[in-house]
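Just below is one structure, and these are the notes that go with it.
Number of protein chains: 2
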Amino acid sequence: MYINLLGYVCLFKRKCKNLLHKCRILLNYSVKKITALSKNMTKSKIPKPAIERLCTLYRFLDMCEEEGTTCISSAQIEKQLHIGSHNVRKDISYLNLSCSGSGGYNIKKLKSQIAAQLGFTQPQNICIVGLGRLGTAILAHERIAESEYNLAAGFDSNINKLETIRTRVPVFPSYEIESVVRQMNITLAIIAVPADAAQSVADKLIGAGIRGIVNFAPVVIKTGKSGVFINNVDILGKLNLLTALLKANSSEIYQ
Amino acid sequence: MYINLLGYVCLFKRKCKNLLHKCRILLNYSVKKITALSKNMTKSKIPKPAIERLCTLYRFLDMCEEEGTTCISSAQIEKQLHIGSHNVRKDISYLNLSCSGSGGYNIKKLKSQIAAQLGFTQPQNICIVGLGRLGTAILAHERIAESEYNLAAGFDSNINKLETIRTRVPVFPSYEIESVVRQMNITLAIIAVPADAAQSVADKLIGAGIRGIVNFAPVVIKTGKSGVFINNVDILGKLNLLTALLKANSSEIYQ
DNA sequence: TATTTGCTGTGAAATATTTCACAAGTCATT
DNA sequence: AATGACTTGTGAAATATTTCACAGCAAATA
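Keeping their order, the protein sequence lines are chains A and B. Okay, so the first sequence: first residue is 4 according to my numbering, each after it adds one. Okay, so the second sequence: first residue is 4 according to my numbering, each after it adds one.
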C-alpha cells in the first residue's frame with residue numbers, strides 16, 4: 004500500500020499553523036466573553052425561527068384587532084396560522100410576560116408586548132427605490148400608511164417619471180439617495196428596481212447607512228458590511244420553494 | 004397548607020382519558036409506521052432549512068450561469084450568499100451526488116442536479132389572480148417567461164379592466180377561476196388582490212385543486228386542506244422582521 | 001360549594017440542524 | 001516526483017429548536 008508520507012507532513016504543518024491561528028482566536032474570544040459577561044450582557048436570545056413566527060403573529064393580531072376580536076387562545080392561533088399551539092406558547096414565553104386572561108391572550112396586550120420586545124414601538128423611516136409598477140403599488144399600500152413605518156421617500160432614476168407620479172410621498176432622483184437617506188434618517192429600504200440595477204442601488208443605500216433592505220429584484224443582494232440585514236423576496240425563488248416542498252411534502256405552511 | 008384534593012382526582016380522571024386516547028393514537032401510528040417501513044418508504048428527508056437554502060442557491064446559480072461563470076466553490080458561495088461553506092457543502096451532500104471538478108462545483112451540473120432532486124424539471128402551469136399594479140408587474144416579469152414555470156392565466160374581478168391589459172398571457176374574469184384552473188391543469192397560483200378578497204380567492208383556488216399559493220395580499224391565508232402550501236409575502240411582515248432582527252442583532256441575512 | 005373544563009407558562013426530553021474536523025481528491029508549481 | 005494550495009463530502013459533536021407533560025390558575029357548570 005502506497006502512503007503519501009510527504010503529503011501528511013505537509014498536512015501536519017498546516018494543522019500546526021491552524022492551531023496557532025485558533026489559539027489567537029480563542030484568546031480574543033475569551034477576552035471578549037469575559038468583557039461581555041462582566042458587563043452582564045446576558046441578552047436573553049430569542050431563536051430566529053421564533054422571531055419570524057412572532058412577526059407573523061403580530062401581523063395576524065393586527066388583523067384580529069381590526070375585526071374587533073379581543074381575546075385569542077393558542078389553540079385558535081394554531082388553527083389559523085398553522086403554528087402548533089405548543090410552539091405559540093413557547094414563542095410567547097420567550098417574551099417574559101403574561102397577558103393571559105379568560106379564554107386566552109388579550110390581543111391588545113399581547114400585541115403591545117410583542118411590539119415592545121421586538122422593537123416595533125419607535126416609528127422608523129423607510130424609503131422605496133424604483134417607482135415602476137411594483138414600486139408605485141407599494142407606495143399606494145394602504146396598510147403601510149397606518150403602520151409604525153413612515154414612508155419618507157421614493158427614488159427613481161428616471162427624472163421625467165418622477166413628475167408624473169401622484170403620491171403624498173416625496174420623490175427624488177436616484178442620485179440623491181445618499182443625501183436624502185442621511186438627512187431624513189431613513190433606516191429601512193425597499194428595492195423595486197430591475198435586476199441589473201439592484202446591487203448598485205443596495206451599495207448606495209448601505210453606504211448611506213441603511214440598516215435593512217427588502218429586495219424585490221430577482222437577484223440575491225450581497226453585503227460586505229455586517230449589521231445590515233437583507234431580505235430577498237424573489238418570486239421565482241418562492242415558486243421554487245413551493246415546488247420543492249410539494250415534492251418533499253413536508254409541512255403545509257411556509258411564511 | 005390547603006390541598007385541592009378533589010381537583011387532583013379530577014385531574015387524574017382526565018389523564019386516564021388522555022392516556023386511553025393516546026393508546027388509540029399510538030396503535031394507529033404503529034400500524035402506519037409498519038406499513039410505511041414494509042413499503043420501504045425511506046425517503047431520505049432533506050431538512051426544510053436546507054431546502055430553502057438550496058432554492059436560493061438554485062436562483063443564484065441561474066444568475067451565475069447567465070453571467071458566463073462555469074465553476075464555483077463553496078467558499079465563493081459563502082461570500083456571495085452569506086451561507087457558511089460548511090453549510091453549503093452539507094446541503095449539497097443531501098442530494099447524494101457529486102459534481103465537483105477542479106476549482107469547485109460545475110455550475111451547470113449542480114444546477115441540473117438540484118433541479119432534478121427538488122422537482123424543477125417538469126414545467127408547471129401557474130396563474131395570477133388580481134391584475135392591479137402588482138399583478139401586472141408580475142405579468143411583465145421577464146424572468147418568469149424564461150423559467151421552468153409557464154404563466155398560463157391571469158384573473159381579475161373587474162371585467163372592464165381585462166380588455167385594457169396588454170399581455171400575451173390569456174386573462175379571464177375571476178368567476179372562471181375554477182374552470183380555467185382545472186382545464187389548464189394549473190398547479191401554483193400567485194395572489195395579488197386586495198386584502199379583503201384574498202381569503203375567498205384562495206378558497207376558490209384550493210377548491211379547484213391548486214397545490215401551492217404565493218400570497219402578496221397583506222393577510223395570512225388559511226387553509227383547511229392538507230397538502231396545500233402557502234407562502235405569505237407580507238411586506239409589513241418583512242419590515243417587522245428586519246426591525247426585530249436589527250434589534251436582536253443576530254445573523255445578517257434572511258432569505 | 002364541588003367539579004369540571006380550558007387555558008397558559010415552562011423546565012426537561014426529544015429531535016433537528018449546524019458546525020467541525022479531516023480523509024481524500026485534483027491541479028499547479030517547483 | 002515532491003510539494004503545496006486548493007477542493008469536496010461526510011460521520012460525529014455541538015448546538016438550536018421543537019415538542020411534551022404537567023403544575024397552576026381562572027372561569028364555567030352542576
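Ideal Cβ placement from N, Cα and C applies to all residues, glycine included. The structure presented is a predicted model; accordingly, all values stated were derived computationally and were not measured.
* To do: Answer yes or no: do B:Pro-173 and B:Glu-151 have a C-beta to C-beta separation smaller than 8 Å?
  => Position 170 of the second sequence holds residue 173 of chain B. Position 148 of the second sequence holds residue 151 of chain B. A distance of 8 Å or more separates the beta carbons of B:Pro-173 and B:Glu-151.
* Asked: Of all the CB atoms in chain B, is at least one closer than 8 Å to the CB of A:His-144?
  -> To locate residue 144 of chain A, count along the first sequence from 1; it is residue 141. Yes, A:His-144 lies at the interface with chain B (some Cβ there is under 8 Å from its Cβ).
* By the 10 Å Cβ neighbour count, where 16 or more other Cβ atoms means buried, how is B:Thr-167 classified, buried or exposed? -> Within the second sequence, the letter at position 164 stands for residue 167 of chain B. Counting Cβ neighbours within 10 Å, B:Thr-167 comes out exposed, since fewer than 16 surround it.
* For B:Met-66, return the contacting residues in chain A, with the cut-off set at a CB-CB distance below 8 Å. => Taking the first residue of the second sequence as 1, we reach residue 66 of chain B at position 63. Chain A residues near B:Met-66: Val-222 and Val-223.
* Taking 8 Å as the cut-off, decide whether the C-beta atoms of B:Thr-246 and A:Leu-121 are in contact. => If you number the second sequence from 1, residue 246 of chain B lands on position 243. If you number the first sequence from 1, residue 121 of chain A lands on position 118. Against a cut-off of 8 Å, the Cβ pair of A:Leu-121 and B:Thr-246 comes out as a contact.
* Does the Cβ-Cβ distance between B:Ala-192 and B:Val-132 come in under 8 Å? -> On the second sequence, residue 192 of chain B is found 189 positions in, with the first residue counted as 1. On the second sequence, residue 132 of chain B is found 129 positions in, with the first residue counted as 1. Yes, these two residues count as a Cβ contact at 8 Å.
* Asked: Who pairs with B:Phe-232 in a beta bridge, going by DSSP?
  -> Against the second sequence, residue 232 of chain B aligns to sequence position 229. In the DSSP secondary-structure assignment, B:Phe-232 is bridged to B:Gly-215.
* Per DSSP, A:Val-174 forms a beta bridge with which residues? -> To locate residue 174 of chain A, count along the first sequence from 1; it is residue 171. Under DSSP, the beta-bridge partners assigned to A:Val-174 are A:Gly-157.
* Could you check if A:Ser-182 is buried or exposed, using at least 16 other CB atoms within 10 Å of its CB as the buried criterion? => To locate residue 182 of chain A, count along the first sequence from 1; it is residue 179. Looking at its Cβ environment, which holds fewer than 16 other Cβ atoms inside 10 Å, A:Ser-182 is exposed.
* To do: In angstroms with no decimal places, state the Cα-to-Cα distance between B:Leu-249 and A:Leu-100.
  => Indexing the second sequence from 1 puts residue 249 of chain B at position 246. Indexing the first sequence from 1 puts residue 100 of chain A at position 97. Spanning the two alpha carbons is a distance of roughly 22 Å.
* To do: Within its chain, find whatever has a CB closer than 6 Å to the CB of B:Ser-76; leave out the 5 residues flanking it on each side and keep chain order.
  => The sequence position of residue 76 of chain B within the second sequence is 73, counting from 1. Excluding residues within five positions, the ones whose Cβ falls inside 6 Å are Gly-107.
* Asked: On the premise that B:Pro-197 lies in contact with B:Ala-220, defined as a C-beta separation below 8 Å, what is that separation, rounded to the nearest angstrom?
  -> The count along the second sequence starts at 1 and reaches residue 220 of chain B at position 217. The count along the second sequence starts at 1 and reaches residue 197 of chain B at position 194. For a cut-off of 8 Å, the C-beta gap from B:Ala-220 to B:Pro-197 is around 7 Å, short enough to register as a contact.
* To do: Please say whether B:Ile-189 and B:Ala-155 have beta carbons closer to each other than 8 Å?
  => On the second sequence, residue 155 of chain B is found 152 positions in, with the first residue counted as 1. On the second sequence, residue 189 of chain B is found 186 positions in, with the first residue counted as 1. For B:Ala-155 and B:Ile-189, yes; Cβs fall inside 8 Å.
* Please list the residues of the segment 111 to 143 of chain A that have a C-beta atom closer than 8 Å to any C-beta atom in chain B, keeping them in chain order. => When CB distances to chain B are screened at a threshold of 8 Å, the residues of the segment 111 to 143 of chain A falling below it are Leu-121, Gly-122, Phe-123, Gln-127, Ile-129, Gly-135, Arg-136, Leu-137, Thr-139, Ala-140, Ile-141 and Ala-143, in chain order.
* Asked: Assuming A:Lys-51 contacts B:Val-236 under a Cβ cut-off of 8 Å, what Cβ separation, rounded to an integer in Å, is found between them?
  -> Translated into positions along the first sequence, residue 51 of chain A becomes position 48. Translated into positions along the second sequence, residue 236 of chain B becomes position 233. Between A:Lys-51 and B:Val-236, the beta carbon gap of about 18 Å keeps them out of contact (Cβ cut-off 8 Å).
* Asked: Exposed or buried, A:Leu-239, counting other C-beta atoms within 10 Å across all chains shown (16 or more means buried)?
  -> The residue given as residue 239 of chain A occupies position 236 in the first sequence. A residue is called buried once 16 or more other Cβ atoms fall within 10 Å of its Cβ, and A:Leu-239 is buried on that count.
* **C-beta neighbour in chain B for A:Ser-150, strict 8 Å** => Here residue 150 of chain A refers to the residue found at position 147 of the first sequence. Cβ-Cβ to chain B under 8 Å: yes for A:Ser-150.
* Asked: Using a Cβ cut-off of 9 Å, which residues of the segment 175 to 194 of chain B contact any Cβ in chain A, in chain order?
  -> Those would be Thr-190, Leu-191 and Ile-193, in chain order.
* Note down, in chain order, every chain B residue with its Cβ under 7 Å from the Cβ of A:Ile-239. => Here the question's residue 239 of chain A lines up with position 236 in the first sequence. Looking at the sequence shown, residue 239 of chain A is not Ile but Leu. Against chain B, a Cβ distance below 7 Å from A:Leu-239 picks out Arg-62, Arg-146, Ile-147 and Ser-150.
* To do: With distances taken Cα to Cα, identify the nearest neighbour of B:Gly-227 among A:Ile-141, A:Cys-58, A:Leu-208 and A:His-85.
  => Start at 1 with the first residue of the second sequence, and residue 227 of chain B comes out as number 224. Ranking A:Ile-141, A:Cys-58, A:Leu-208 and A:His-85 by Cα distance to B:Gly-227 puts A:His-85 first.
* Asked: Which first and last residues belong to the alpha helix (DSSP H) in which A:Gly-240 is found?
  -> Taking the first sequence and counting its residues from 1, the one referred to as residue 240 of chain A is at position 237. Counting along the chain, the alpha helix (DSSP H) containing A:Gly-240 begins and ends at 238 to 251.
* To do: Could you tell me which residues DSSP puts in a beta bridge with B:Leu-79?
  => If you number the second sequence from 1, residue 79 of chain B lands on position 76. What sits at residue 79 of chain B in the sequence shown is Gln, not Leu. DSSP, once it has assigned bridges, lists no residue as partnering B:Gln-79.
* To do: Kindly indicate which three-state DSSP category B:Glu-191 falls into: helix, strand or coil?
  => Position 188 of the second sequence, counting from 1, holds the residue named residue 191 of chain B. One point to set straight first is that residue 191 of chain B is Leu, not Glu, in the sequence displayed. Reduced to three states, the DSSP call for B:Leu-191 is strand.
* To do: Give the interface partners of B:Ala-247 over in chain A, defined as CB-CB distance under 8 Å, in chain order.
  => Indexing the second sequence from 1 puts residue 247 of chain B at position 244. Here the neighbours are Ile-54, Leu-57, Cys-58, Leu-121, Gly-122 and Phe-123.
* Asked: If we cut at 8 Å on Cβ distances, does B:Lys-250 have a partner in chain A?
  -> For the purposes of this step, residue 250 of chain B is identified with residue 247 of the second sequence, where counting begins at 1. Taking Cβ atoms only, chain A reaches closer than 8 Å to B:Lys-250, which makes this a yes.
* To do: Determine the burial state of B:Gly-71: buried for a count of at least 16 other Cβ atoms within 10 Å of its Cβ, exposed for fewer.
  => Counting from one through the second sequence, the residue named residue 71 of chain B turns up at place 68. It counts as exposed.
* Asked: At which residue ranges does the segment 92 to 139 of chain B contain complete alpha helix (DSSP H) runs of 4 or more residues, listed in the order of the chain?
  -> Here the runs fully enclosed are 110 to 121.
* Interface partners of A:Asn-243 on chain B, CB under 8 Å -> Walking along the first sequence from the start, residue 243 of chain A turns up at place 240. A:Asn-243 reaches chain B at Cys-58, Tyr-61, Arg-62, Leu-121 and Phe-123, counting residues in chain order whose Cβ is nearer than 8 Å.
* Examine chain A for any beta-carbon lying closer than 8 Å to the beta-carbon of B:Val-91, and answer yes or no. => In the second sequence, residue 91 of chain B corresponds to position 88, counting from 1. B:Val-91 does not count as touching chain A.
* **CB contact flag (A:Ser-147, A:Leu-60, <8 Å)** => For the purposes of this step, residue 147 of chain A is identified with residue 144 of the first sequence, where counting begins at 1. For the purposes of this step, residue 60 of chain A is identified with residue 57 of the first sequence, where counting begins at 1. Contrary to the premise, residue 147 of chain A reads as Ile rather than Ser in this sequence. Judged by beta-carbon spacing, A:Leu-60 lies beyond the 8 Å limit of A:Ile-147, meaning their Cβ atoms are not closer than that value.
* Host alpha helix (DSSP H) of B:Thr-226 (start-end) -> Looking up residue 226 of chain B in the second sequence gives position 223. For B:Thr-226, no alpha helix (DSSP H) run applies, since DSSP gives it neither H nor E.
* Please report how far the alpha carbon of A:Gly-135 lies from the alpha carbon of B:Ala-78, in whole angstroms. => Your numbering for residue 135 of chain A matches position 132 in the first sequence. Your numbering for residue 78 of chain B matches position 75 in the second sequence. Taking the straight line joining both Cα atoms gives about 36 Å.
* Could you tell me whether the Cβ of B:Arg-3 comes closer than 8 Å to any Cβ of chain A? => Outside the shown range of chain B (4 to 258) lies residue 3 of chain B, about which nothing can therefore be said.
* **Whole-angstrom distance between B:Ser-88 and A:Leu-29, CA atom to CA atom** => In the first sequence, counting from the first residue as 1, residue 29 of chain A sits at position 26. In the second sequence, counting from the first residue as 1, residue 88 of chain B sits at position 85. Unreliable positioning characterises A:Leu-29 in this predicted model, as indicated by a pLDDT of 49, which lies under 50. A coordinate reading is not provided.
* **Classification of A:Gly-260 by the beta-carbon crowding that lies within 10 angstroms, buried from 16 upward** => No answer is possible for residue 260 of chain A: the residues shown for chain A start at 4 and end at 258.
* Asked: Is A:Cys-58 closer than 8 Å to B:Asn-163 when the C-beta atoms are compared?
  -> Position 160 of the second sequence, counted from the start, is the residue given in the question as residue 163 of chain B. Position 55 of the first sequence, counted from the start, is the residue given in the question as residue 58 of chain A. For B:Asn-163 and A:Cys-58, no; Cβs fall outside 8 Å.
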